[in-house]
Amino acid sequence: MQTFPKKRIEIMVEAPLMSRVLEILDEQGVSGYTVLPALAGKGKDGSWHRDGLVGRVGSMVQIFCIVDESRIDEVLEPLFKLVSQQIGIVSVSDVRVIRAEHF
Amino acid sequence: MQTFPKKRIEIMVEAPLMSRVLEILDEQGVSGYTVLPALAGKGKDGSWHRDGLVGRVGSMVQIFCIVDESRIDEVLEPLFKLVSQQIGIVSVSDVRVIRAEHF
Amino acid sequence: MQTFPKKRIEIMVEAPLMSRVLEILDEQGVSGYTVLPALAGKGKDGSWHRDGLVGRVGSMVQIFCIVDESRIDEVLEPLFKLVSQQIGIVSVSDVRVIRAEHF
Amino acid sequence: MSDIFALAIANLTSPMILFFGLGIVAALAKSDLSTPEAVAKGMALYLMLAIGFKGGASVAAHGVDVTLALALVAGIALSAVIPVIAYRALALTTDLSRVDAAAIAGHYGSISIVTFLAMTQALQTAGVAYEGYMVAVAAAMETPAIIVALWLAANGTRSSNPNAVREIFLNGSIVILVGAFVIGLITGEAGLQSIAAFVVDPFKGVLCLFLLDMGLIAGRGLQGARHNLKPPVVGFGIYMPLIGAALGLLAGKLIGLSVGSMALLTVLCASASYIAVPAAMRLALPEARPSIYLPLSIGVTFPFNLTVGIPIYLYLAQAMH
Amino acid sequence: MSDIFALAIANLTSPMILFFGLGIVAALAKSDLSTPEAVAKGMALYLMLAIGFKGGASVAAHGVDVTLALALVAGIALSAVIPVIAYRALALTTDLSRVDAAAIAGHYGSISIVTFLAMTQALQTAGVAYEGYMVAVAAAMETPAIIVALWLAANGTRSSNPNAVREIFLNGSIVILVGAFVIGLITGEAGLQSIAAFVVDPFKGVLCLFLLDMGLIAGRGLQGARHNLKPPVVGFGIYMPLIGAALGLLAGKLIGLSVGSMALLTVLCASASYIAVPAAMRLALPEARPSIYLPLSIGVTFPFNLTVGIPIYLYLAQAMH
Amino acid sequence: MSDIFALAIANLTSPMILFFGLGIVAALAKSDLSTPEAVAKGMALYLMLAIGFKGGASVAAHGVDVTLALALVAGIALSAVIPVIAYRALALTTDLSRVDAAAIAGHYGSISIVTFLAMTQALQTAGVAYEGYMVAVAAAMETPAIIVALWLAANGTRSSNPNAVREIFLNGSIVILVGAFVIGLITGEAGLQSIAAFVVDPFKGVLCLFLLDMGLIAGRGLQGARHNLKPPVVGFGIYMPLIGAALGLLAGKLIGLSVGSMALLTVLCASASYIAVPAAMRLALPEARPSIYLPLSIGVTFPFNLTVGIPIYLYLAQAMH
Ligand SMILES: Nc1ncnc2c1ncn2[C@@H]1O[C@H](COP(=O)(O)O)[C@@H](O)[C@H]1O
Ligand SMILES: Nc1ncnc2c1ncn2[C@@H]1O[C@H](COP(=O)(O)O)[C@@H](O)[C@H]1O
Ligand SMILES: Nc1ncnc2c1ncn2[C@@H]1O[C@H](COP(=O)(O)O)[C@@H](O)[C@H]1O
Ligand code: NA
Ligand code: NA
Ligand code: NA
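Chains as they are written, first to last, in numbering that gives the first Met the number 0: chain A, 0 to 102; chain B, 0 to 102; chain C, 0 to 102; chain D, 0 to 320; chain E, 0 to 320; chain F, 0 to 320.
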C-alpha cells in the first residue's frame, strides 16, 4: 500500500504552555495536531507526577504534529524559541502516512 | 544488544470508532496493540478538547500496533478503508524491538 | 534548523511496575523520561481496559526515554531483564532533537 | 395556574440555569474554567442513576396504570415520527446533504435527559406533580429515532452495520437509566429511603455543577455554530423544538397525562440528543458531519429549551390540561 | 434470630446487590456502560476513608476492650494460615504451577474491603450491632497473607525484593484505612458529627454506584474466568471462601466476638483481595499469571460472597453465637 | 475570647488538619496513596463553587454595607503592596535572581483559597461570625499581586504578554468563585436552601478528603524544599506570612471589620497562592523557577498557616478587635 514520507514533530511542554504551542502551530498553518496527556516525568528541571494536582503547573502534555518535510524548519523555529525558555523538549522523527493530501 | 526491525502503525480515530479499529486488528491477527487517550487536537474536521465531555463523540484515541514489515499492507488495507470515511489519520514508522518472537 | 540524532526507547509496562522501570532509568543516569497513561490494550497475556479499575493491576503505562545512541545498550540491558519476566514490551526508534546538550 | 412570565422568571433565576449561564459566559470569554472529563462523566452517571432509581421507586409507590403503557407507546411513536418531520423540514429549508439531514433528524427525535431533569426541577418549583414512569418513557424515546434516521439516510449511502444497532440499544445511558429504574421498582420506598441521602438530597446541587459544565460545552458549541451553521439551520434548531413540543402536548392531552407528565413528554419531544445519538451516528453514518449536528443540538437547541422552552412548555401544559 | 432465606432475600433485593447485578449483566451484554477510572478510584478512596473514620470514631465512643487485641491477633493469624491451606488445596486439586498457586493463596488470605462493607450493610439491615474496631482487623489482615504467599513461592523461584515489602505495607488502601481509623479515634463523636453528612449519610448510595462499577469489572472477570480457568480452579473459588468462613467463625467464637463482629471476621476470612494483593504479586511474583488470580478473585469469589456468602455467613454467625 | 492554646488544640485536632497531616506523613513515607487528578480538580471546583455561592447568599441575606467596599479596596491594595515587601525581603536576605524573587513575591500577595476555607472552619468551631462578602475579597486579591510581580520583574527581562494578562483575569478559579458568588447573591436564601444538601452539608467532609490530597502534595513539596531551598528562602516562607498577617490585621482594624472577617482578611494576606499564580508565572515569567516558588508556597507556607498560623491569626484578631 502506498505511503508518503512526513515528519513527526513531538513537543513535551508544561500544561499551562499548551495553548501557546497550539497558537504557534496554527500560525504556521499546520494541517493538524494532537495533544496527549502525560502522567509523570523527569528532566533537567526535576520530576513531576500528575496525581492529585489541582493546578495545571507541574504537569506536562505531549503535542505531536505531522508535517511535510518542506515545512519542518519554519515550524521548528518558533517552537524552539518558545520551548528554549520553558521546561520542555522537542524531537522530530520520520513517519509515513497514507493520505498525503491530508497533511 | 540485538534488536529486530518492525513497523509501528499509529491510528488516530474518534473514541466511538475505537472498538471497530480493534476488531480489525484482531481479525488481522496482530500480536497486540495499545490505546492511548488523547486530550485535544485539531485537523481538517475541526478541533476538539476532551475536558467536560459527557459523551464519547468529539474526543479521539491513539491506537498503535507494532507489526512485522511483512504484515504491514494487509493490516493497513482495512484500516484505511475504515478511517478514510471517518475522522482520523493513520501513520507508519520504523521501530526496533528486543523480543522478535513477541510480534 | 540543526537537529541531532538520538534514540527513543519506548517501554509498555504494567502500572505497578512503573516505579521499578523509572528506578532503572535513574540508575542508568538518563537525562529524563516521560510516562504516558494507556487506556486499553491487548497482547500475549490478554487484553485490558482502564475504565472502572480500582487497583493499578490490569492497566499499563507507556514510558519513553530519549537517550544518546551511545547509551542505548547499557540502558536496554536492565530494562530487558525486568520486562522479560513481566507483561510488557520494549521498542527503540530514531528521533532527532534540537538541544543535543539536553540529553 | 401560574402565568408564563412568573414561570420564565422562576426558571431563569434558578441556581441551575444561572450556573448554566455562567458556563456559557465563561466559554465565550475563553476562560480556562473546565471540568475534567472523568468528573463530567461521573456526574452524568450519578444523575441518570438517581433519576432512574427515583422514577422506579415512585412507580412502585403509586402503582402502574394504563396511561403508563399509553405514554410508552406514545413516546416511542413520537420518537419515530419527529425525525421524519425534521428531515422534511431540513430538506425544504436547507441545502444539507441527505445524510447530514438524516443525522440531524435523528437527534431531534431522540431526547436530552438533562433538559428532562431541568423540567422536573421546574415542576418541583411550580409545585406540579408528575408520574415517575416518565423516566421510562424518556429511556424508551432515546433510540427509535436513531433507527428512523438510518432508514432516512439509507436511500443515500448504505453504511449501517448490524453491530451498530446492538451497540445503540446497549449504550450506557440507556442501560443505567433502565437498570436503575428497575432497581427502584424492586426496592421501592424502602430502597429509596436507604439511599435518599445520595440520590435525592444532593441531586439539585450536582445538577447545578453539571449544568455549569454543560454551559461550558454549549458555549463552545455556540462558537462552533457561528462558524459552521447557516441561518436556516440555526433557525431549525429553534423552531424544531417547538414543533416537537406541539406534538408532545397533543399526545399528552390525547392519552390523558397529568399536567406534570404532559410537560415532561413535551420537553422530551422538544429536546435533542447530544450524547447517545451523536455516538451512534459516528458509528452508523460516518459521512454525516458532527461539526453540524453537535453544535446545533448542544449550542442552539439545548440552551433554547433550557432558558426559553421550559417555561413555555410548562405554561402550555397547564393551559391545555 | 432471622432465618437464612429471609436473610438471603433481604440481601439479594438490597439496592447495593441489585446494582452489582446490573453491572454484571451490562458487562456480559457487552454494553459500553463504564465508570471512568478516576471516578472509581475516587469512590474507593471515599469508602475506605469513611469506613476507617467511622470505625475509629465508634471505638472512641465505646472504648477499647481486650477482644480488640484478640481480634487483631486472630485476624493476623488467619490471614497467615489461610494461604497455606489454600495453597495445599490448589496443589492437590489443580495443575497450577507452584508460583501461580502461591499467588492465588495470597489473595484468599487477604481481604476484600468491599465485601466487608456489604456485610456491614447487611448487619444494619438485620439490625445486628458490630464493633468499630473490626475495620482495624480488616486493615491488619490485608498484608500477612502476602508475606506468606511469597514464602510459599520462594522454594520455587526467588524474585522477591526488599523494596516490594515496604511498598506492600505502605500501599494506599492500608494507609487510608488505618489513617482514617486513627483520626476517627482522635476526633471521636464530635469529629464524626462534624463530617457525618459526608461519611455517613451518602455512604450507602455511593456504595451502590461503586458496586455497579465492581459488577462491570466482575462481569468482565467472569468472561475471563470462562476462558482461562479450569473447573477445579473455579471450584476452588467457591469452596475456599467457605473454608475461610469456617475458620473465621471458629476464631470469632473462641475469642468471644459479638454476633456482628463474628460475621465480619467471617466475611474477611471468606473474601479474597483484588486490589492490594494483585498489585503486590505483580511486583514480587511476576511469573504468577494475573490472568488466573484476577478473574478468580473478582469474577468468581467476589460475586459468590456478595450474593450467596453474606447471608450464609450472617446466618451461621447468629446460629453459632 | 478564647485563649491561644485552646485555639491551637482545637485546630490541630480537627479532622480537617489531621487528614492534612495524614497526607504529609503518607507522602514522606513514600506511600503510593494518591488521588486521581480528575478527583482533586473536581473537589477543588466543588469547594470554590460552594464557598462562592454561600458567600453570595449570605450577602443577599445580610445586605451590603460600606465595609464591603472598604474590604474590597483594602484587599486589592494589600494584594498589590505585599509583593513589594516580599520582593525587598527576598532581595535583602537571599541570593535569588530578580525574576525568581519577583515570582515568589507574586505568590505571597495572592491568596490560598484552601487556607481561607480552613479559617472559616476554625471560625465556625470557635463560634465566631464572619461576613459572606469576604469571599469576594478573596477573589479580588488573587490577581493584583500577579500584575505587581510582573512589574517587579520587568526591569529585569521583558517577557510578559498581553494574552497572559487576559488569561490571568479569566483563570478558572476566579471565574467560578465570582460566578458562584453572583449566583448566590441573585438566588439568595431560597437558592441556598434548594442546594444546601450539596453545598453546605457535605462541605466539611469533602474539605477533609481534599486536604488529604493537599497533604500528599505538600509532603512532596516539602521534600522538594529540602533539596532546592536554601535556609533564608525557607525562613522567608515562615516570616512572610506573619508580615502579611500583621498588615491584614491592621487593615481589618482600620476599616472596622468584624472579628471573623478580620481573621479572614488576615489569613488571606498571610497565605500564598499555589494554583492561579504558578500557572500565571509559567506563562508570563518562564525564567522564574517553579522548583523554587512551588515547594516554598505549598511545602512551607501552606502547612505553616494551616497548623500554626490559623490559631495565631484568629487569636490576634480577637485580641485586637
Ligand atoms: N504488537 C503490539 N503493539 C502495540 N502494543 C503492544 C503490542 N504487543 C503488546 N502491546 C502492549 O503491551 C501490553 C503487554 O503485552 P503482552 O506482554 O504481550 O501481553 C499489551 O497489553 C499492549 O498494551
Ligand atoms: N497533522 C496532524 N498531526 C497530528 N495529529 C493530527 C494531524 N492531523 C489530524 N490529526 C489528529 O487527527 C484528528 C482527526 O483529523 P482530521 O480527520 O483531519 O480532523 C485531529 O483532531 C487530530 O487529533
Ligand atoms: N530524555 C528525555 N526523554 C523523555 N522525556 C524527557 C526527556 N527529558 C525531558 N523529558 C520530558 O520533558 C519534561 C521537561 O524536561 P526538562 O525541561 O529537561 O525538565 C520532563 O519532565 C519529561 O517529562
Ligand atoms: Na426530541
Ligand atoms: Na480472606
Ligand atoms: Na497573601
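From the three backbone atoms N, C-alpha and C, an ideal C-beta is built for every residue, glycine too.
Contact test: Phe63 of chain A Cβ vs ligand 1 heavy atom, cutoff 8 Å: Here residue 63 of chain A refers to the residue found at position 64 of the first sequence. No, Cβ of Phe63 of chain A sits at least 8 Å from all heavy atoms of ligand 1.
Rounded Cβ spacing between Arg14 of chain B and Ser58 of chain B (contact assumed at less than 8 Å): By one-based count along the second sequence, residue 14 of chain B stands at place 15. By one-based count along the second sequence, residue 58 of chain B stands at place 59. Residue 14 of chain B is actually Ala in this sequence, not Arg. So it is a contact: roughly 5 Å between Cβ atoms.
Contact set for Gly155 of chain E: own chain, Cβ-Cβ below 7 Å, skip 5 residues either direction: Within the fifth sequence, residue 155 of chain E is the residue found at index 156, counting from 1. Low local confidence applies: a pLDDT of 48 at Gly155 of chain E is under 50, so the model's placement there is unreliable, with the coordinate-based value given in what follows. So the qualifying residues of the chain are Arg97 and Val98.
Chain A contact for Asp25 of chain C (CB, 9 Å cutoff): The residue you call residue 25 of chain C lines up with position 26 of the third sequence. Yes - at least one Cβ of chain A is within 9 Å of the one on Asp25 of chain C.
Alpha-carbon to alpha-carbon, Val56 of chain C and Ile242 of chain D: Start at 1 with the first residue of the fourth sequence, and residue 242 of chain D comes out as number 243. Start at 1 with the first residue of the third sequence, and residue 56 of chain C comes out as number 57. The alpha-carbon atoms of Ile242 of chain D and Val56 of chain C are separated by roughly 52 Å.
Test: Glu188 of chain E CB closer than 9 Å to a CB of chain F: Here the question's residue 188 of chain E lines up with position 189 in the fifth sequence. By this cut-off, Glu188 of chain E is not an interface position.
Interface positions of the segment 19-43 of chain A facing chain I (Cβ-Cβ less than 9 Å), listed along the chain: Given the protein chain composition of this structure (A, B, C, D, E and F), no chain I is represented.
Beta-carbon contacts of Met42 of chain D that lie in its chain and below 7 Å, excluding the five residues immediately before and after: Mapped onto the fourth sequence, residue 42 of chain D falls at position 43. Result list for Met42 of chain D: Val205, Leu208 and Phe209, in chain order.
Close beta carbons around Ser46 of chain A, own chain, < 8 Å, minus the five adjacent residues each side: Taking the first sequence and counting its residues from 1, the one referred to as residue 46 of chain A is at position 47. Only Ala39 and Gly40 meet the Cβ criterion.
Cβ of Ile97 of chain C within 9 Å of any chain A Cβ: In the third sequence, residue 97 of chain C corresponds to position 98, counting from 1. Taking Cβ atoms only, chain A reaches closer than 9 Å to Ile97 of chain C, which makes this a yes.
Whole-angstrom C-beta distance between Gly51 of chain A and Ile23 of chain F, which should lie under 8 Å: Looking up residue 23 of chain F in the sixth sequence gives position 24. Looking up residue 51 of chain A in the first sequence gives position 52. In fact, because the Cβ distance is near 13 Å, the residues do not count as touching under 8 Å.
Segment limits, alpha helix (DSSP H) that includes Asp25 of chain B: Here residue 25 of chain B is taken as the residue at index 26 of the second sequence, counted from 1. Element bounds for Asp25 of chain B: Met17 to Glu26.
Contact set between the segment 66-79 of chain A and chain C, restricted to residues whose Cβ is under 7 Å from the partner: Asp72, Leu75, Glu76 and Phe79
Closest Cα partner of Met17 of chain C within the set E:Arg281, E:Ser78, E:Leu305 and E:Pro289: The sequence position of residue 17 of chain C within the third sequence is 18, counting from 1. Of the listed residues, the one whose Cα sits closest to Met17 of chain C is E:Arg281.
Contact under 9 Å by Cβ, Arg7 of chain C with Ser92 of chain A: Taking the third sequence and counting its residues from 1, one reaches residue 7 of chain C at position 8. Taking the first sequence and counting its residues from 1, one reaches residue 92 of chain A at position 93. Cβ distance < 9 Å, so Arg7 of chain C and Ser92 of chain A count as in contact.
9 Å Cβ cutoff, Tyr45 of chain F in contact with chain D: For the purposes of this step, residue 45 of chain F is taken as the residue at position 46 of the sixth sequence. At least one CB of chain D lies nearer than 9 Å to the CB of Tyr45 of chain F.
Where Met0 of chain C falls: helix, strand or coil (DSSP): Against the third sequence, residue 0 of chain C aligns to sequence position 1. The answer is coil: DSSP assigns Met0 of chain C none of H, G, I, E or B.
Beta-carbon proximity of Ser257 of chain E to Ser111 of chain E, cut-off 9 Å: In the fifth sequence, residue 257 of chain E corresponds to position 258, counting from 1. In the fifth sequence, residue 111 of chain E corresponds to position 112, counting from 1. Cβ atoms of Ser257 of chain E and Ser111 of chain E: not closer than 9 Å.
is_contact[Ile8 of chain A, chain B] using C-beta, thresh 9 Å: Reading the first sequence from its first residue, position 9 is the one you call residue 8 of chain A. By the rule that beta-carbons nearer than 9 Å mark a contact, Ile8 of chain A does not touch chain B.
Coarse secondary structure for Ala287 of chain F, derived from DSSP in three states: Taking the first residue of the sixth sequence as 1, we reach residue 287 of chain F at position 288. DSSP places Ala287 of chain F in coil when its eight states are reduced to three.
Boundaries (first-last residue) of the alpha helix (DSSP H) holding Lys53 of chain D: In the fourth sequence, counting from the first residue as 1, residue 53 of chain D sits at position 54. Counting along the chain, the alpha helix (DSSP H) containing Lys53 of chain D begins and ends at Glu36 to His61.
Cβ-based burial, Gln84 of chain A [other Cβ within 10 Å; buried from 16]: Here residue 84 of chain A refers to the residue found at position 85 of the first sequence. Gln84 of chain A comes out exposed.
Contact set for Ile75 of chain F: own chain, Cβ-Cβ below 6 Å, skip 5 residues either direction: Looking up residue 75 of chain F in the sixth sequence gives position 76. Contacts found: Ala139 and Pro143.
Which of helix, strand or coil DSSP assigns to Arg281 of chain E: Here residue 281 of chain E refers to the residue found at position 282 when the fifth sequence is read from its first residue. Three-state result, Arg281 of chain E: helix.
Whether Val66 of chain C touches Val60 of chain C by CB criterion (9 Å): Residue numbering aside, residue 66 of chain C sits at position 67 when the third sequence is read from its first letter. Residue numbering aside, residue 60 of chain C sits at position 61 when the third sequence is read from its first letter. At least 9 Å separates the beta-carbon of Val66 of chain C from that of Val60 of chain C.
Asp93 of chain A: first and last residue of the uninterrupted alpha helix (DSSP H) it sits in: Start at 1 with the first residue of the first sequence, and residue 93 of chain A comes out as number 94. Per DSSP, Asp93 of chain A lies in no alpha helix (DSSP H); the unbroken beta strand (DSSP E) holding it starts and ends at Gly87 to Val96.
Cβ pair Phe303 of chain F, Ile237 of chain F closer than 9 Å: Numbered from its first residue, the sixth sequence carries residue 303 of chain F at position 304. Numbered from its first residue, the sixth sequence carries residue 237 of chain F at position 238. Contact: yes.
Amino acids of chain B, ordered along the chain, whose beta-carbon sits closer than 7 Å to that of Thr34 of chain D: Sequence index remark: in the fourth sequence, residue 34 of chain D carries index 35 (1-based). Residues of chain B passing the Cβ test: Asp50 and Gly51.
Nearest residue (CA-CA) to Val20 of chain A, options A:Phe79, A:Ile71 and A:Phe3: Taking the first sequence and counting its residues from 1, one reaches residue 20 of chain A at position 21. It is A:Phe79 whose Cα lies nearest to the Cα of Val20 of chain A.
Chain-order list of residues whose beta-carbon lies under 6 Å from that of Gly259 of chain F (same chain, five-residue window excluded): Start at 1 with the first residue of the sixth sequence, and residue 259 of chain F comes out as number 260. For Gly259 of chain F, where only same-chain residues beyond five positions count, the Cβ hits under 6 Å are Leu122, Val127, Ala128 and Tyr129.
Selection from F:Ile185, F:Phe180 and F:Pro230 that minimises the alpha carbon distance to Val136 of chain F: Your numbering for residue 136 of chain F matches position 137 in the sixth sequence. Checking every option, the nearest Cα to that of Val136 of chain F belongs to F:Phe180.
Touch test, the segment 26-39 of chain F against the segment 164-173 of chain E, Cβ-Cβ under 8 Å, three pairs minimum: yes
Closer than 8 Å: Ile112 of chain E CB and nearest ligand 5 heavy atom: Reading the fifth sequence from its first residue, position 113 is the one you call residue 112 of chain E. False, no ligand heavy atom lies under 8 Å from that Cβ.
Bridge-paired residues (DSSP) for Cys64 of chain A: The residue you call residue 64 of chain A lines up with position 65 of the first sequence. Answer is A:Ile8, bridged to Cys64 of chain A.
Contact test: Met280 of chain E Cβ vs ligand 8 heavy atom, cutoff 8 Å: Annotation note on ligand 8: not contained in the displayed structure, which lists ligand 1, ligand 2, ligand 3, ligand 4, ligand 5 and ligand 6 as its ligands.
Helix, strand or coil at Thr33 of chain C [DSSP, three-state]: Residue 33 of chain C sits at position 34 when you count from the first residue of the third sequence. Looking at Thr33 of chain C - three-state DSSP - the assignment turns out to be strand.
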